[in-house]
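Q: Same order as they appear, the protein sequences are chains X and R.
Under my numbering, the letters of the first sequence match residues 22 to 75, in that order.
Under my numbering, the letters of the second sequence match residues 1112 to 1653, in that order.
Yeah, the Cβ is synthetic: ideal placement off N, Cα and C, and Gly gets one too.
Got a structure here, written out as structure tokens. Questions coming.
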Amino acid sequence: MSRAVLGPLTLAYCFALAQFVMTWILLAVYLWRGRAFDLAAARIRRHETREVKQ
Amino acid sequence: MNAQPSLVIFAVFVGITLVVTYAAAGQSTTSRGFYAADRRIGPMQNGWAIAGDYLSAASFLGITGLVAFYGFDGFMYSVGWLVAYLAVLFFIAEPLRNTGKFTMADTISFRLRGRGVRAIAAVSTLAVTLFYMIAQMVGSGLIVTLLLPQFSDFVAIAAVGVLMLVYVLFGGMLATTWVQIIKASLLLATAVALSLLVMGYFHFSLPEFLQAAASVRVSGNETNLLQPGLLYHGPLGAWNLISLGIALVLGTAGLPHILMRFFTVPSARAARVSTAWAMVLVGIFYLTTSFMGLGAATIVGQEHIGKRLYAGEAITYIAHHPERKQALDSQLTRNGFVVPAPNTNLAAPLLAGRLGGPLLAAFVAAVAFATILAVVAGLTITASSAFAHDIWFSLVRNGKGNEREQFFVARGAAVAVGAVAIVLSVALRGYNVAFLVGLAFAVAASANVPTLLLALSWRRFSRAGAIAGMLSGLVSSLALIALSPIAMGSHAIFPLDNPGLVSIPIGFAGAILGTLLVPDPSSEAMFDELQVRAATGLGAEV
């Protein structure tokens, strides 16, 4: 981990910075998947509230 | 340092936030308004406010200093505290918004209905919040005595205490939210500006900057700042790092003042989007800690950062830190003084002074103070909600009582919590700030997180399990910290600085064992209702 791989930047530091990238990528994936989930939840809510009203 | 510019800049911040508080004052007359800003905070605003609540002085002054002195190992705090938000995003934010009303205890006792569960959840909330609050207030005293020696730490603690009460009492959650947003913008702008100044010093050449950072040698050490091992070394180094990492990553998801922010938005979607905003803002800030920290190490120089201890004081300090005796001894014989780690807190203001002159240093000091003020305001309203909503309204009054009474008790609780925090901070001002923050994170990760996660995801989880989980996590984390090297020095019974590695599994084990020993069919039966509500928002508080 102490080996310099990118100029003086060590493997460990690259690994740490990669975790920033990983966090943001996972965030983007989750937000993207969440849109479909929101639509499904809204559909269920509409369905349920209509049944209650009847 | 000349106090005047700092005071003027800080007074401007206080003035603006007081105007905001005045504007917010008439708007919240209900408990929903006081605790949750009527759930009318937008996702982007809430994202900035989460960042404001989260980025404490420990993040700004603390990590910058740790990176300046320990390079990569210090930067691991930044990594841990950002990655932590994945747990919040994936498991907590949305279900919490849909199943709770004002507090973490609401979500836990959504199906685990019982006085015991709510009482212990409230006590654990109060414990985490108070430790965190005391850490911030002691930190404010420390900063003031280091930066503006003409004021005592008592003055700083009292000023922070009074101002936080003004925001919370008169403006409730709405004013507190705007204080967070203003502070987060100031802090982020300052951090980015300092980073650009550092890069400007190195002619905006990343290789030049990294080369300079790699050539900084800590005395008597082969490791450079870009390599791991400066802070966590020796036979237990890796274990210390793992234990800290677990506590940081899981602790965030159990910090009551962060969780409470999700009750201020109108929907689960808004909770998710606000977490996303927070993750971008917090991520950018944590990236700048590398530039600020490595910049301070290369431009200011480690030997010039911090308050120096001479002769007798130095010898006492070395006696309390036997694990670093060799390094400190050689420092003492070579320089005639030692620079103890806690004063790494000065890295950011000294860097600002070196790059932008006394005015920028004053600005950074004022921003640091504003940072603390905003965080304690968020903590005060959280502690007040745990006391007034969970303990008074739900337990003492059994859910009865009108709006007037709630209004009165909530504000009374804020004053009481504020007063307790001020008194304890003055009493504990000699304690290490990192120790107190460590307590808060360890208790949050060990007591709150296992129970919160299991309450949301494990069908069989029972009331006994929740009580056992929170109690075992709370007691084991407090006990292990009391037995750790941070509290006991070289005679420590427990070898790791942070108890997370042991106390978090104990929290989970307690929760699981309690559930298996005393099952609870009525709570089990409500699991489907919880899941439907968590996922769809049907029946969620509006």
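(1) How is residue 40 of chain X classed by DSSP in three states: helix, strand or coil?
(2) Under the rule that 16 or more other beta-carbon atoms within 10 Å means buried, what is residue 49 of chain X, buried or exposed?
(3) Here's a check: name, in chain order, each residue in its chain whose Cβ is nearer than 8 Å to the Cβ of residue 62 of chain X, leaving out the five neighbours to either side.
(4) Leaving out five residues before and five after residue 1158 of chain R in sequence, what residues of the same chain have Cβ atoms less than 6 Å from its Cβ?
(5) Please confirm if residue 1284 of chain R has its CB atom under 8 Å from at least one CB of chain X.
(6) Taking 8 Å as the threshold (C-beta atoms), are residue 1362 of chain R and residue 1494 of chain R in contact?
(7) Quick check on this structure: which residue in R/1609, R/1154, R/1468 has the alpha carbon closest to the alpha carbon of residue 1375 of chain R?
(8) Against chain X, with Cβ distances strictly below 8 Å, would residue 1201 of chain R count as a contact?
(9) Determine the contact status of residue 1521 of chain R and residue 1281 of chain R, defining contact as a CB-CB distance below 8 Å.
(10) How should residue 1561 of chain R be labelled, buried or exposed, when 16 other C-beta atoms within 10 angstroms of its C-beta is the threshold for buried?
(11) Assign residue 1285 of chain R to one of three DSSP states: helix, strand, or coil.
(12) Would you mind stating whether residue 1563 of chain R and residue 1218 of chain R have Cβ atoms separated by less than 8 Å?
(13) With DSSP as the reference, label residue 27 of chain X as helix, strand or coil.
(14) Bridge partners for residue 1328 of chain R per DSSP, in chain order?
(15) Who are the near neighbours of residue 1127 of chain R in its chain, counting only those whose CB is closer than 7 Å to its CB and skipping five residues on each side?
(16) Going by the beta-carbon positions, is the gap between residue 1183 of chain R and residue 37 of chain X smaller than 8 Å?
(17) Using a threshold of 8 Å, state whether the C-beta atoms of residue 1299 of chain R and residue 1456 of chain R are closer than that.
(18) Chain X partners of residue 1515 of chain R, CB-CB under 9 Å?
(19) Using a Cβ cut-off of 8 Å, pull out every chain R residue sitting near residue 52 of chain X, in sequence order please.
(20) Using only the alpha-carbon positions, how far apart do residue 1316 of chain R and residue 1295 of chain R sit?
(21) Which residue spans inside the stretch 1415 to 1484 of chain R form an unbroken alpha helix (DSSP H) run of at least 4?
(22) With distance defined between alpha-carbon atoms, name the residue in R/1557, R/1595, R/1123 nearest to residue 1357 of chain R.
(23) Against chain X, does residue 1453 of chain R count as a neighbour if the rule is that its beta carbon must be under 8 Å from one of theirs?
(24) What does the alpha-carbon distance come out to for the pair residue 1268 of chain R and residue 1486 of chain R?
(25) Can you give me the Cβ contacts of residue 1275 of chain R inside the same chain, cut-off strictly under 7 Å, excluding the 5 residues immediately before and after it?
(26) Keeping to the same chain, check which residues put their C-beta closer than 6 Å to that of residue 1198 of chain R; ignore five residues upstream and five downstream.
(27) Ends of the alpha helix (DSSP H) at residue 1632 of chain R?
(28) Name the chain X residues whose beta carbon is nearer than 8 Å to that of residue 1668 of chain R?
(29) Examine the Cβ distances between the stretch 1617 to 1627 of chain R and the stretch 1572 to 1592 of chain R and report whether three or more of them are shorter than 8 Å.
(30) Tell me which same chain residues have a C-beta within less than 7 Å of the C-beta of residue 40 of chain X, skipping the five on either side of it?
(31) Pick helix, strand or coil for residue 68 of chain X, following the three-state DSSP scheme.
(32) Taking 8 Å as the CB-CB cut-off, is residue 62 of chain X touching chain R?
(33) Taking the alpha carbon of residue 1645 of chain R as the point to measure from, which residue in R/1244, R/1481, R/1380 has its own alpha carbon closest?
(34) Drop a sphere of 10 angstroms on the beta-carbon of residue 1519 of chain R, count the other beta-carbons inside from all chains shown, and report buried for 16 or more, exposed for fewer.
(35) Distance cutoff 8 Å, beta carbons only. Does residue 1325 of chain R sit that close to anything in chain X?
(36) For the stretch 1458 to 1477 of chain R against the stretch 1174 to 1181 of chain R, are there 3 or more C-beta pairs whose distance is under 8 Å?
A: If we stick to the structure as given:
(1) Here residue 40 of chain X refers to the residue found at position 19 when the first sequence is read from its first residue. Residue state, collapsed to three classes: helix.
(2) As a first step, residue 49 of chain X must be located in the first sequence, where it is residue number 28. Its Cβ having fewer than 16 others within 10 Å, residue 49 of chain X is exposed.
(3) Looking up residue 62 of chain X in the first sequence gives position 41. Correct list: empty, nothing qualifies.
(4) Numbered from its first residue, the second sequence carries residue 1158 of chain R at position 47. In chain order, 1385, 1388, 1389 place their CB closer than 6 Å to the CB of residue 1158 of chain R, counting only its own chain and leaving out the 5 sequence neighbours on each side.
(5) Position 173 of the second sequence, counted from the start, is the residue given in the question as residue 1284 of chain R. Under the 8 Å criterion on CB atoms, residue 1284 of chain R is classed as non-interfacial with respect to chain X.
(6) Here residue 1494 of chain R refers to the residue found at position 383 when the second sequence is read from its first residue. Here residue 1362 of chain R refers to the residue found at position 251 when the second sequence is read from its first residue. Cβ atoms of residue 1494 of chain R and residue 1362 of chain R: not closer than 8 Å.
(7) As a first step, residue 1375 of chain R is located in the second sequence; it is residue number 264 there, counting from the start. Closest option to residue 1375 of chain R, Cα to Cα, is R/1154.
(8) Within the second sequence, residue 1201 of chain R is the residue found at index 90, counting from 1. Yes, residue 1201 of chain R lies at the interface with chain X (some Cβ there is under 8 Å from its Cβ).
(9) Taking the second sequence and counting its residues from 1, one reaches residue 1521 of chain R at position 410. Taking the second sequence and counting its residues from 1, one reaches residue 1281 of chain R at position 170. Taking 8 Å as the cut-off, the beta carbon of residue 1521 of chain R is found no closer than this to the beta carbon of residue 1281 of chain R.
(10) Taking the second sequence and counting its residues from 1, one reaches residue 1561 of chain R at position 450. Taking all protein chains in view, the Cβ of residue 1561 of chain R is crowded by 16 or more other Cβ atoms within 10 Å, so the residue is classified as buried.
(11) Start at 1 with the first residue of the second sequence, and residue 1285 of chain R comes out as number 174. In the three-state DSSP reduction, residue 1285 of chain R falls in the helix class (H, G or I).
(12) Residue mapping note: residue 1563 of chain R aligns to position 452 of the second sequence, counting from 1. Residue mapping note: residue 1218 of chain R aligns to position 107 of the second sequence, counting from 1. The answer is yes: Cβ separation under 8 Å.
(13) Here residue 27 of chain X refers to the residue found at position 6 of the first sequence. In the displayed model, residue 27 of chain X falls within a strand according to three-state DSSP.
(14) To locate residue 1328 of chain R, count along the second sequence from 1; it is residue 217. The partner list for residue 1328 of chain R (beta bridge, DSSP) reads R/1335.
(15) Indexing the second sequence from 1 puts residue 1127 of chain R at position 16. For residue 1127 of chain R, where only same-chain residues beyond five positions count, the Cβ hits under 7 Å are 1293.
(16) Locating residue 1183 of chain R in the second sequence gives position 72, where the first residue counts as 1. Locating residue 37 of chain X in the first sequence gives position 16, where the first residue counts as 1. Yes.
(17) Sequence index remark: in the second sequence, residue 1299 of chain R carries index 188 (1-based). Sequence index remark: in the second sequence, residue 1456 of chain R carries index 345 (1-based). In this structure, residue 1299 of chain R lies away from residue 1456 of chain R, with their beta-carbon atoms at least 8 Å apart.
(18) Walking along the second sequence from the start, residue 1515 of chain R turns up at place 404. Residues of chain X passing the Cβ test: none, with the nearest at roughly 33 Å.
(19) Here residue 52 of chain X refers to the residue found at position 31 of the first sequence. The answer, in chain order, is 1383, 1384, 1387.
(20) For the purposes of this step, residue 1316 of chain R is taken as the residue at position 205 of the second sequence. For the purposes of this step, residue 1295 of chain R is taken as the residue at position 184 of the second sequence. The straight-line gap from Cα to Cα measures roughly 28 Å.
(21) Counting only runs of 4 or more, we get 1422 to 1431, 1436 to 1446.
(22) Taking the first residue of the second sequence as 1, we reach residue 1357 of chain R at position 246. The option with the nearest alpha carbon to residue 1357 of chain R is R/1557.
(23) In the second sequence, the residue the question calls residue 1453 of chain R occupies position 342. With a pLDDT of only 48 at residue 1453 of chain R, under 50, the local geometry of the prediction cannot be trusted, and no value is derived from it.
(24) Position 157 of the second sequence, counted from the start, is the residue given in the question as residue 1268 of chain R. Position 375 of the second sequence, counted from the start, is the residue given in the question as residue 1486 of chain R. CA-CA distance, residue 1268 of chain R to residue 1486 of chain R, rounds to 13 Å.
(25) Here residue 1275 of chain R refers to the residue found at position 164 of the second sequence. So the qualifying residues of the chain are 1484, 1487, 1488, 1491, 1529.
(26) The residue labelled residue 1198 of chain R in the question sits at position 87 within the second sequence. If we look at residue 1198 of chain R and ignore the five residues flanking it on each side, its Cβ neighbours are 1364.
(27) Translated into the one-based positions of the second sequence, residue 1632 of chain R becomes position 521. Residues 1632 to 1636.
(28) Not covered by the structure: residue 1668 of chain R. The range shown for chain R is 1112 to 1653.
(29) Segments in contact, yes.
(30) On the first sequence, residue 40 of chain X is found 19 positions in, with the first residue counted as 1. Short of 7 Å from the beta carbon of residue 40 of chain X, and not among the five residues preceding or following it, lies no beta carbon of its own chain.
(31) What you label residue 68 of chain X is simply residue 47 of the first sequence in a count that begins at 1. Helix at residue 68 of chain X.
(32) By 1-based counting over the first sequence, the position of residue 62 of chain X is 41. Taking Cβ atoms only, chain R reaches closer than 8 Å to residue 62 of chain X, which makes this a yes.
(33) Mapped onto the second sequence, residue 1645 of chain R falls at position 534. Its Cα nearest to that of residue 1645 of chain R, the residue R/1380 stands out among R/1244, R/1481, R/1380.
(34) Numbered from 1 along the second sequence, position 408 holds the residue referred to as residue 1519 of chain R. By the neighbour-count rule (16 or more Cβ atoms within 10 Å), residue 1519 of chain R is not buried but exposed.
(35) Position 214 of the second sequence, counted from the first residue, corresponds to residue 1325 of chain R. Yes, its Cβ sits closer than 8 Å to a Cβ of chain X.
(36) In the pairwise beta carbon analysis, the stretch 1458 to 1477 of chain R is classified as touching the stretch 1174 to 1181 of chain R: at least three pairs are separated by under 8 Å.
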